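Colleague:
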Amino acid sequence: MSKIKLSMPNLGDARSRKQKETPTFSYKLNNEYKNIGYGKTYHIFTYGCQGNEADSEVIAGILEDLGYVKAAEPYAADVVILNTCAIRENAENRIWGVLGNLKGVKAQRPNILIGICGCMPQEENATNKLMSSYPFVDLIFGTHNIYDLPKLLNEAYHKDAKVIEVISTEGAIYEGAPKHRESNYKAWVNIMFGCDEFCTYCIVPYTRGKERSRAKEDIIAEVKDLVAKGYQEVTLLGQNVNAYGKDLGSDYTFGDLLYDLDKTGIKRIRYTTSHPRDLDLKTIYAMRDCPSVMPHLHLPVQSGDNHILKKMNRKYTCEEYLAKIATLKKEVPGISITTDIIVGFPNETEEEFANTLKLVDEVKFEGAFTFIYSKREGTPAAKMEDLVSDEVKHERLDRLNELVDKYYLAGNKRFEGQVVKVLVDGVSKNNPDNLCGYSEHLKLVHFPSKDMSLVGKIVNVKITEGKTWFALGELVE
Ligand code: 5AD
Ligand code: SF4
Numbered sequence: 014m015s016k017i018k019l020s021m022p023n024l025g026d027a028r029s030r031k032q033k034e035t036p037t038f039s040y041k042l043n044n045e046y047k048n049i050g051y052g053k054t055y056h057i058f059t060y061g062c063q064g065n066e067a068d069s070e071v072i073a074g075i076l077e078d079l080g081y082v083k084a085a086e087p088y089a090a091d092v093v094i095l096n097t098c099a100i101r102e103n104a105e106n107r108i109w110g111v112l113g114n115l116k117g118v119k120a121q122r123p124n125i126l127i128g129i130c131g132c133m134p135q136e137e138n139a140t141n142k143l144m145s146s147y148p149f150v151d152l153i154f155g156t157h158n159i160y161d162l163p164k165l166l167n168e169a170y171h172k173d174a175k176v177i178e179v180i181s182t183e184g185a186i187y188e189g190a191p192k193h194r195e196s197n198y199k200a201w202v203n204i205m206f207g208c209d210e211f212c213t214y215c216i217v218p219y220t221r222g223k224e225r226s227r228a229k230e231d232i233i234a235e236v237k238d239l240v241a242k243g244y245q246e247v248t249l250l251g252q253n254v255n256a257y258g259k260d261l262g263s264d265y266t267f268g269d270l271l272y273d274l275d276k277t278g279i280k281r282i283r284y285t286t287s288h289p290r291d292l293d294l295k296t297i298y299a300m301r302d303c304p305s306v307m308p309h310l311h312l313p314v315q316s317g318d319n320h321i322l323k324k325m326n327r328k329y330t331c332e333e334y335l336a337k338i339a340t341l342k343k344e345v346p347g348i349s350i351t352t353d354i355i356v357g358f359p360n361e362t363e364e365e366f367a368n369t370l371k372l373v374d375e376v377k378f379e380g381a382f383t384f385i386y387s388k389r390e391g392t393p394a395a396k397m398e399d400l401v402s403d404e405v406k407h408e409r410l411d412r413l414n415e416l417v418d419k420y421y422l423a424g425n426k427r428f429e430g431q432v433v434k435v436l437v438d439g440v441s442k443n444n445p446d447n448l449c450g451y452s453e454h455l456k457l458v459h460f461p462s463k464d465m466s467l468v469g470k471i472v473n474v475k476i477t478e479g480k481t482w483f484a485l486g487e488l489v490e
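Residues 14 to 490 in our numbering are what the sequence shown spells out, letter by letter.
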């Protein structure tokens with residue numbers, strides 16, 4: 014198959030931050046492409062963070078606008094799209110594995126159109142590999158071209174060639190694109206895109222472009238619309254939500270946005286992800302003052318050692334982090350705090366790792382995503398010397414997880430005997446006699462009930478037993 018190489022990614026360009034202002038466009042479907050999906054089905058495989066889940070809802074919305082309907086079976090679809098993640102090597106390996114399966118599907122059904130999007134195509138290496146080793150992929154596009162999907166699909170149908178369009182721009186904002194939301198009671202709401210932090214291990218600032226905030230009016234209008242449609246919960250999304258508004262050059266900050274969104278009537282507001290350096294007092298006060306802002310914060314610390322934090326370019330010290338935790342615990346009594354931690358950063362010593370364990374003991378995180386450092390080509394950390402063996406890294410991860418689990422359990426146990434409010438998600442995976450959902454503190458709660466009318470509602474549950482990964486309870490009036 015020949016290639017239409019419209020545009021290829023470049024990590025050097027992706028690093029540049031020259032563009033002063035962010036252009037905002039209104040999404041409009043070109044009449045030329047209307048109905049190209051008529052009579053056809055689609056399936057989207059989504060990997061990675063909530064940002065990708067939100068993007069997949071836009072992709073689904075655009076596809077449905079073109080006439081496609083969701084396929085009953087993933088591999089029976091006419092269009093299969095993989096929305097990919099590049100954050101760690103094992104995330105990418107999973108995707109290479111799925112592509113292996115799709116090769117067989119394509120051999121049996123040559124008319125199926127296979128597309129890849131998300132963060133992986135933004136990496137030069139991954140796109141080169143896709144082009145050389147996966148010739149059955151028809152369409153490759155990046156995080157900045159979702160809104161061009163109708164045009165790209167049209168190209169893929171009409172030209173007998175692979176369509177590759179991955180641009181490394183700093184990014185724009187699109188308003189008004191259709192969305193097919195997965196849930197009718199909780200919603201993702203993007204408040205900003207991109208990241209300007211350049212933590213030395215992280216590929217995201219290259220794959221997602223520069224920090225750019227949506228106008229507050231657009232965000233507030235979206236949340237009001239969700240309230241009118243009966244939504245109970247929104248999760249505000251951004252790689253670093255605490256930097257909201259900085260690129261707009263106004264004094265209006267993330268804390269201001271929380272106060273304003275609290276007035277919309279939405280029952281629950283969550284947000285992710287926060288950067289400890291940018292988390293400010295106004296945000297903490299908003300968590301204290303606004304009943305809708307939930308008493309849970311995910312505040313990635315990454316390491317409990319100042320030397321490693323410096324090498325990571327995190328721009329805060331452990332002491333500064335701990336001071337913010339102390340303020341949070343004082344202003345928002347009972348707050349639940351979770352985090353992300355990387356072990357085995359290049360040349361991490363036993364002592365540096367022990368400092369991370371010490372910090373976990375001090376903060377008593379009620380949950381943590383823990384990762385072994387994964388080298389990402391093109392990032393500054395990829396060039397750092399790393400003499401720590403894989404065996405040591407795995408052993409450190411095990412020790413860390415053991416400690417983290419202890420506090421997970423304590424975080425669930427502390428609610429025993431209390432009545433908590435749970436937004437019901439559906440039937441528990443492990444027990445068909447139970448329903449499950451999340452409490453205000455983001456605790457997963459299971460309780461006996463078969464009443465499916467409770468799904469999407471907030472109910473009172475008395476916690477009877479805290480376990481490591483969830484809590485058991487009983488419905489109360
Ligand atoms: N290796 C391991 N973990 C990483 N993360 C980001 N980049 C890497 C990497 N190269 C982790 C960080 C971040 C989370 C989303 O993923 O902990 O907070
Ligand atoms: Fe990656 Fe750091 Fe940006 Fe988070 S803040 S997305 S870890 S560069």
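For glycine and all other residues, C-beta sits at the position ideal for the given N, C-alpha and C.
Please read all numbers here as calculations on a predicted model, not as lab measurements.
Given a cut-off of 8 Å, decide if residue 39 and residue 183 are closer than it, judged by their beta-carbon atoms.
Modeller: Sequence index remark: in the sequence shown, residue 183 carries index 170 (1-based). Sequence index remark: in the sequence shown, residue 39 carries index 26 (1-based). Not a contact, by the Cβ cut-off of 8 Å.
Colleague: If I measure Cβ to Cβ from residue 219 and keep anything under 7 Å in the same chain, skipping five residues before and after, which residues do I get?
Modeller: For this step, residue 219 is matched to residue 206 along the sequence shown. Excluding residues within five positions, the ones whose Cβ falls inside 7 Å are 24, 27, 28, 135, 391.
Colleague: Closer than 8 Å by C-beta to residue 137: which residues in its own chain qualify, once you throw out the five before and the five after it? Chain order, please.
Modeller: Here residue 137 refers to the residue found at position 124 when the sequence shown is read from its first residue. Contacts found: 21, 22, 23, 24, 391.
Colleague: May I ask you to list the residues that DSSP assigns as paired with residue 338?
Modeller: As a first step, residue 338 must be located in the sequence shown, where it is residue number 325. Paired residue(s): none; residue 338 is not in a bridge.
Colleague: Is it the case that the Cβ atoms of residue 443 and residue 484 are separated by a distance below 8 Å?
Modeller: Within the sequence shown, the letter at position 430 stands for residue 443. Within the sequence shown, the letter at position 471 stands for residue 484. Cβ atoms of residue 443 and residue 484: not closer than 8 Å.
Colleague: So for residue 87, helix, strand or coil by DSSP?
Modeller: Mapped onto the sequence shown, residue 87 falls at position 74. Helix.
Colleague: In three-state DSSP terms, what is residue 473?
Modeller: Here residue 473 refers to the residue found at position 460 of the sequence shown. Residue 473: strand per DSSP, three-state reduction.
Colleague: Among 167, 357, 456, whose alpha-carbon lies nearest the alpha-carbon of residue 438?
Modeller: Mapped onto the sequence shown, residue 438 falls at position 425. The shortest Cα separation from residue 438 among 167, 357, 456 belongs to 456.
Colleague: Just the C-alpha distance for residue 314 and residue 324, rounded to the nearest angstrom, thanks.
Modeller: Against the sequence shown, residue 314 aligns to sequence position 301. Against the sequence shown, residue 324 aligns to sequence position 311. Going by the C-alpha atoms only, they are around 14 Å apart.
Colleague: When you compare only the Cα positions, how much space is there between residue 289 and residue 199?
Modeller: Counted from its first residue, the sequence shown places residue 289 at position 276. Counted from its first residue, the sequence shown places residue 199 at position 186. Cα to Cα, residue 289 sits roughly 26 Å from residue 199.
Colleague: Alpha carbon to alpha carbon, what distance is there between residue 97 and residue 494?
Modeller: This structure does not reach residue 494, given that the chain is present from 14 up to 490, and the question cannot be answered.
Colleague: By the 10 Å Cβ neighbour count, where 16 or more other Cβ atoms means buried, how is residue 479 classified, buried or exposed?
Modeller: Your numbering for residue 479 matches position 466 in the sequence shown. Buried.
Colleague: What number of angstroms, rounded off, separates the C-alpha of residue 449 from the C-alpha of residue 246?
Modeller: For this step, residue 449 is matched to residue 436 along the sequence shown. For this step, residue 246 is matched to residue 233 along the sequence shown. For residue 449 and residue 246, the distance between alpha carbons rounds to 16 Å.
Colleague: Does the Cβ of residue 215 lie closer than 7 Å to at least one heavy atom of the ligand SF4?
Modeller: Within the sequence shown, residue 215 is the residue found at index 202, counting from 1. The answer is yes for residue 215.
Colleague: Please classify residue 292: does DSSP put it in a helix, a strand, or coil?
Modeller: Counted from its first residue, the sequence shown places residue 292 at position 279. Here residue 292 sits in coil by DSSP.
Colleague: Excluding the five sequence neighbours on either side, which residues of its own chain have a C-beta within less than 8 Å of the C-beta of residue 261, listed in chain order?
Modeller: Residue numbering aside, residue 261 sits at position 248 when the sequence shown is read from its first letter. Excluding residues within five positions, the ones whose Cβ falls inside 8 Å are 226, 228.
Colleague: With the cut-off set at 8 Å, would you say residue 282 and residue 251 are in Cβ contact?
Modeller: In the sequence shown, the residue the question calls residue 282 occupies position 269. In the sequence shown, the residue the question calls residue 251 occupies position 238. Taking 8 Å as the Cβ cut-off, residue 282 and residue 251 do not qualify as a contacting pair.
Colleague: Return helix, strand or coil for residue 112, following the three-state DSSP convention.
Modeller: Within the sequence shown, residue 112 is the residue found at index 99, counting from 1. Residue state, collapsed to three classes: helix.
Colleague: Are there three or more Cβ pairs, one per stretch, closer than 8 Å when the segment 415-424 is compared with the segment 370-385?
Modeller: Touching, yes, given that three or more Cβ pairs across the two stretches are closer than 8 Å.
Colleague: Would you kindly work out how many angstroms separate the C-alpha atoms of residue 349 and residue 453, rounded to a whole number?
Modeller: Here residue 349 refers to the residue found at position 336 of the sequence shown. Here residue 453 refers to the residue found at position 440 of the sequence shown. When rounded, the distance between both Cα atoms is 9 Å.
Colleague: Would you call residue 400 buried or exposed, if buried means 16 or more other Cβ atoms sit within 10 Å of its Cβ?
Modeller: Taking the first residue of the sequence shown as 1, we reach residue 400 at position 387. Exposed: under 16 other Cβ atoms inside 10 Å.
Colleague: Can you name, in chain order, every residue of its own chain whose Cβ lies under 8 Å from the Cβ of residue 48, other than the five neighbours on each side?
Modeller: As a working note, residue 48 is residue 35 in the sequence shown. For residue 48, where only same-chain residues beyond five positions count, the Cβ hits under 8 Å are 79, 80.
Colleague: So, with DSSP's three-state summary, where would you put residue 221?
Modeller: Translated into the one-based positions of the sequence shown, residue 221 becomes position 208. Residue 221: helix per DSSP, three-state reduction.
Colleague: Taking DSSP as the reference, what is the three-state secondary structure of residue 356?
Modeller: Here the question's residue 356 lines up with position 343 in the sequence shown. It is a strand residue.
Colleague: Within the same chain, show all residues whose beta-carbon is closer than 6 Å to that of residue 116, passing over the 5 residues directly before and after it, in chain order.
Modeller: In the sequence shown, the residue the question calls residue 116 occupies position 103. So the qualifying residues of the chain are 149.
Colleague: Identify whether residue 46 lies in helix, strand or coil by the three-state DSSP scheme.
Modeller: By one-based count along the sequence shown, residue 46 stands at place 33. Helix at residue 46.
Colleague: Count Cβ pairs between the segment 297-312 and the segment 356-372 that sit closer than 8 Å; are there 3 or more?
Modeller: In short, these stretches do not touch, since the Cβ pair count stays below three.
Colleague: Whole angstroms is fine: what's the gap from residue 481's alpha carbon to residue 67's?
Modeller: To locate residue 481, count along the sequence shown from 1; it is residue 468. To locate residue 67, count along the sequence shown from 1; it is residue 54. Taking the straight line joining both Cα atoms gives about 29 Å.
Colleague: By DSSP's criteria, residue 461 is part of a beta bridge. Which residues make up the other side?
Modeller: Your numbering for residue 461 matches position 448 in the sequence shown. Partner(s): 447.
Colleague: In three-state terms, what does DSSP make of residue 433?
Modeller: Taking the sequence shown and counting its residues from 1, one reaches residue 433 at position 420. Here residue 433 sits in strand by DSSP.
Colleague: Just to confirm before moving on: does the CB-CB distance between residue 83 and residue 37 stay below 8 Å?
Modeller: The residue labelled residue 83 in the question sits at position 70 within the sequence shown. The residue labelled residue 37 in the question sits at position 24 within the sequence shown. Not a contact, by the Cβ cut-off of 8 Å.
Colleague: With a CB to CB cut of under 6 Å and the five nearest residues on each side skipped, what residues in its chain are close to residue 475?
Modeller: Start at 1 with the first residue of the sequence shown, and residue 475 comes out as number 462. Closer than 6 Å at the Cβ level, and outside the excluded window around residue 475, lie 432, 486, 487, 489.
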